[in-house]
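Taking this note's numbering, the leading residue of the sequence shown gets 149, the next gets one more, and so forth. C-beta: ideal position from N, C-alpha, C; glycine also. Right, one structure below, let's go through it.
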Amino acid sequence: MPREFLLPKLAESIIEGEIVTWLVEEGEGVELDQPIVEVMTDKVTVELPSPFAGTLVKRLAAEGDVVAVNHPIALFSDPDESTPSEGTQVREEPPGAEVSASEADDGLSLFAPSEKVDDRPVVQVSSTHGAVTERTAARPTGPYGRVLAVPAARKLARELGISIDAVTGSGSNGRIGVVDVQAHARAAGRSAPYISPAEYPELEERVPFSGLRRSVASQMLASHLQTVRTLHVDEADVSELVRMRARLKPVAAERGVRLTYLPFVMKAVVSALRAFPSVNSSLDEEAGEIVLKRYVNLSVAVATDGGLMVPVIHDVDRKGLHEVAAELQDKAERAREGKLAPEDVRGGTFSITNVGTLGGLFSFPIINLPEAAILGVHSIKRRPVVLEDDSIQARSMLYLSLSFDHRLIDGAEATGFTGQLIDLLENPERLLLES
Numbered sequence: 149m150p151r152e153f154l155l156p157k158l159a160e161s162i163i164e165g166e167i168v169t170w171l172v173e174e175g176e177g178v179e180l181d182q183p184i185v186e187v188m189t190d191k192v193t194v195e196l197p198s199p200f201a202g203t204l205v206k207r208l209a210a211e212g213d214v215v216a217v218n219h220p221i222a223l224f225s226d227p228d229e230s231t232p233s234e235g236t237q238v239r240e241e242p243p244g245a246e247v248s249a250s251e252a253d254d255g256l257s258l259f260a261p262s263e264k265v266d267d268r269p270v271v272q273v274s275s276t277h278g279a280v281t282e283r284t285a286a287r288p289t290g291p292y293g294r295v296l297a298v299p300a301a302r303k304l305a306r307e308l309g310i311s312i313d314a315v316t317g318s319g320s321n322g323r324i325g326v327v328d329v330q331a332h333a334r335a336a337g338r339s340a341p342y343i344s345p346a347e348y349p350e351l352e353e354r355v356p357f358s359g360l361r362r363s364v365a366s367q368m369l370a371s372h373l374q375t376v377r378t379l380h381v382d383e384a385d386v387s388e389l390v391r392m393r394a395r396l397k398p399v400a401a402e403r404g405v406r407l408t409y410l411p412f413v414m415k416a417v418v419s420a421l422r423a424f425p426s427v428n429s430s431l432d433e434e435a436g437e438i439v440l441k442r443y444v445n446l447s448v449a450v451a452t453d454g455g456l457m458v459p460v461i462h463d464v465d466r467k468g469l470h471e472v473a474a475e476l477q478d479k480a481e482r483a484r485e486g487k488l489a490p491e492d493v494r495g496g497t498f499s500i501t502n503v504g505t506l507g508g509l510f511s512f513p514i515i516n517l518p519e520a521a522i523l524g525v526h527s528i529k530r531r532p533v534v535l536e537d538d539s540i541q542a543r544s545m546l547y548l549s550l551s552f553d554h555r556l557i558d559g560a561e562a563t564g565f566t567g568q569l570i571d572l573l574e575n576p577e578r579l580l581l582e583s
């Protein structure tokens with residue numbers, strides 16, 4: 149009697165995951181806890197272990213399918229010889245029932261399962277880790293043995309006297325487009341004719357709206373619809389902080405830690421959250437309660453090749469500056485390598501997004517549900533400032549953008565929180581008392 153392997157809930161607020169890669173073929177025997185499938189969510193990409201020792205009878209979701217949590221993704225046989233692993237959800241199949249891939253789709257999947265067809269290009273880029281894998285397959289051809297090319301590209305090649313077989317295609321499955329013929333002509337020192345508006349579609353590329361990008365979009369839309377987002381912007385004179393970091397940076401480097409400004413900001417945030425606890429809260433709408441957090445877990449946005457990841461630095465209020473810097477460096481590196489574990493993205497109470505490295509003056513960050521606020525940290529720039537004695541000096545100035553849910557945080561609280569944060573950043577020696 150076959151049993152189903154249900155997609156487990158990998159983190160808080162996760163409702164679905166995308167099947168990235170199956171690691172086991174149908175009919176193949178597997179051992180208990182052997183990795184069988186790689187799944188991507190908006191928070192993390194993980195390999196799921198087999199809940200049984202036995203045979204994977206059928207894969208109920210294809211690579212690229214988006215599957216809801218608690219939805220079956222595989223059928224296993226030999227249940228009498230298998231023992232489910234702890235924490236894995238399984239569901240017994242009624243006697244004689246057969247579940248096809250299409251029947252298993254309850255409408256939550258954006259991509260219907262398809263037959264396994266090896267239609268990859270000769271050089272394929274992994275969407276999960278950015279790795280490039282070269283294949284030694286023969287050049288793809290159409291049903292009549294001709295190289296794959298759009299009609300407009302064949303026409304242009306004939307007009308230029310170029311053999312279409314000599315052109316390298318950049319489209320899906322190695323298909324040759326107009327732009328490829330033009331590139332080939334330019335490489336040969338020849339000019340290519342003007343492209344008419346009707347040929348512009350050949351210059352467009354369409355990619356699936358899936359994986360991490362789709363998950364991030366879903367989270368952003370939920371934030372937009374479920375919060376009353378308000379922005380407060382202020383600036384801090386961080387000239388003293390710049391000098392302090394310059395002194396401490398080589399000391400941290402001796403310990404193998406790259407000391408950025410962000411750990412200082414994180415420790416300042418801890419103190420400000422203690423003074424204004426409503427900023428470190430969330431709303432339990434079902435219970436009709438505001439949840440005030442007496443602990444500080446800071447979610448930090450990290451840009452990766454695959455999209456935005458948000459690892460969580462837990463218990464920042466209980467850690468020193470050096471410890472926070474080391475953990476931040478470790479989780480940022482693992483986020484970029486796609487190696488975050490589910491526990492690395494759980495339990496955040498307040499978010500920080502460091503957009504200073506990207507430039508710009510200030511931004512309006514999107515609140516990371518279910519948190520109540522997010523802080524945008526921007527570039528430190530030297531600007532002329534009028535001091536209290538009316539003198540004008542070049543000072544290191546930092547813009548801070550606080551997005552907050554006005555249902556949970558009043559304007560006065562948001563202003564007070566930012567003011568406390570600024571006071572600490574302008575007097576950084578006080579931060580060392582937090583370490």
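For the putative contact between residue i and residue j, defined by C-beta atoms under 8 Å, what is the C-beta separation to the nearest angstrom?
{"i": "residue 472", "j": "residue 415", "result": "7 Å"}
{"i": "residue 492", "j": "residue 518", "result": "Wrong, their Cβ atoms sit about 18 Å apart, outside the cutoff."}
{"i": "residue 421", "j": "residue 450", "result": "With a Cβ gap of about 21 Å, residue 421 and residue 450 do not count as contacting."}
{"i": "residue 163", "j": "residue 216", "result": "6 Å"}
{"i": "residue 569", "j": "residue 417", "result": "6 Å"}
Classify residue i: buried if its beta carbon has 16 or more other beta carbons within 10 angstroms, exposed otherwise.
{"i": "residue 538", "result": "exposed"}
{"i": "residue 584", "result": "The question about residue 584 has no answer here: the residues shown for the chain are numbered 149 through 583."}
{"i": "residue 332", "result": "buried"}
{"i": "residue 405", "result": "buried"}
{"i": "residue 199", "result": "buried"}
{"i": "residue 499", "result": "buried"}
{"i": "residue 494", "result": "buried"}
{"i": "residue 502", "result": "buried"}
{"i": "residue 220", "result": "buried"}
{"i": "residue 425", "result": "exposed"}
{"i": "residue 559", "result": "exposed"}
{"i": "residue 399", "result": "exposed"}
{"i": "residue 356", "result": "exposed"}
{"i": "residue 438", "result": "exposed"}
{"i": "residue 541", "result": "exposed"}
{"i": "residue 429", "result": "buried"}
{"i": "residue 480", "result": "buried"}
{"i": "residue 337", "result": "exposed"}
{"i": "residue 222", "result": "buried"}
{"i": "residue 516", "result": "buried"}
{"i": "residue 554", "result": "exposed"}
Does DSSP put residue i in a helix, a strand or coil?
{"i": "residue 271", "result": "Residue placement at residue 271 is poorly supported in this model, since its pLDDT is 33, which falls under 50; the coordinates are not used for a value here."}
{"i": "residue 577", "result": "helix"}
{"i": "residue 198", "result": "coil"}
{"i": "residue 524", "result": "strand"}
{"i": "residue 423", "result": "helix"}
{"i": "residue 363", "result": "helix"}
{"i": "residue 307", "result": "helix"}
{"i": "residue 321", "result": "helix"}
{"i": "residue 153", "result": "strand"}
{"i": "residue 497", "result": "coil"}
{"i": "residue 329", "result": "helix"}
{"i": "residue 515", "result": "coil"}
{"i": "residue 570", "result": "helix"}
{"i": "residue 428", "result": "helix"}
For residue i, tell me which candidate among the options has the shortest Cα-Cα distance.
{"i": "residue 469", "options": "178, 222, 201 and 578", "result": "578"}
{"i": "residue 520", "options": "363, 446 and 552", "result": "552"}
{"i": "residue 545", "options": "384, 467 and 305", "result": "384"}
{"i": "residue 475", "options": "408, 430 and 454", "result": "408"}
{"i": "residue 169", "options": "212, 324, 155 and 180", "result": "212"}
{"i": "residue 349", "options": "327, 427, 548 and 515", "result": "327"}
{"i": "residue 360", "options": "310, 192, 382 and 302", "result": "192"}
{"i": "residue 442", "options": "457, 464 and 542", "result": "464"}
{"i": "residue 367", "options": "576, 456 and 480", "result": "456"}
{"i": "residue 386", "options": "353, 296 and 394", "result": "394"}
{"i": "residue 195", "options": "355, 175, 165 and 522", "result": "165"}
{"i": "residue 197", "options": "311, 224, 300 and 210", "result": "224"}
{"i": "residue 490", "options": "454, 306, 189 and 555", "result": "189"}
{"i": "residue 202", "options": "543, 504, 448 and 179", "result": "179"}
{"i": "residue 205", "options": "214, 479 and 174", "result": "174"}
{"i": "residue 157", "options": "171, 218, 410 and 338", "result": "218"}
{"i": "residue 323", "options": "411, 370, 335 and 297", "result": "297"}
{"i": "residue 523", "options": "448, 369, 301 and 479", "result": "448"}
{"i": "residue 379", "options": "557, 576, 580 and 167", "result": "557"}
{"i": "residue 354", "options": "338, 300 and 318", "result": "318"}
{"i": "residue 505", "options": "335, 525, 308 and 477", "result": "525"}
{"i": "residue 392", "options": "172, 574 and 452", "result": "574"}
{"i": "residue 514", "options": "535, 534, 549 and 543", "result": "549"}
Checklist entry - With a cut-off of 8 Å, do at least 3 Cβ pairs link the segment 507-520 to the segment 477-490? => result no
Checklist entry - Given 8 Å as the limit, is there contact between the segment 527-545 and the segment 562-570, that is, 3 or more CB pairs closer than that? => result no
Item to check | Given 8 Å, three or more beta-carbon pairs between the segment 151-166 and the segment 174-187 | outcome: yes
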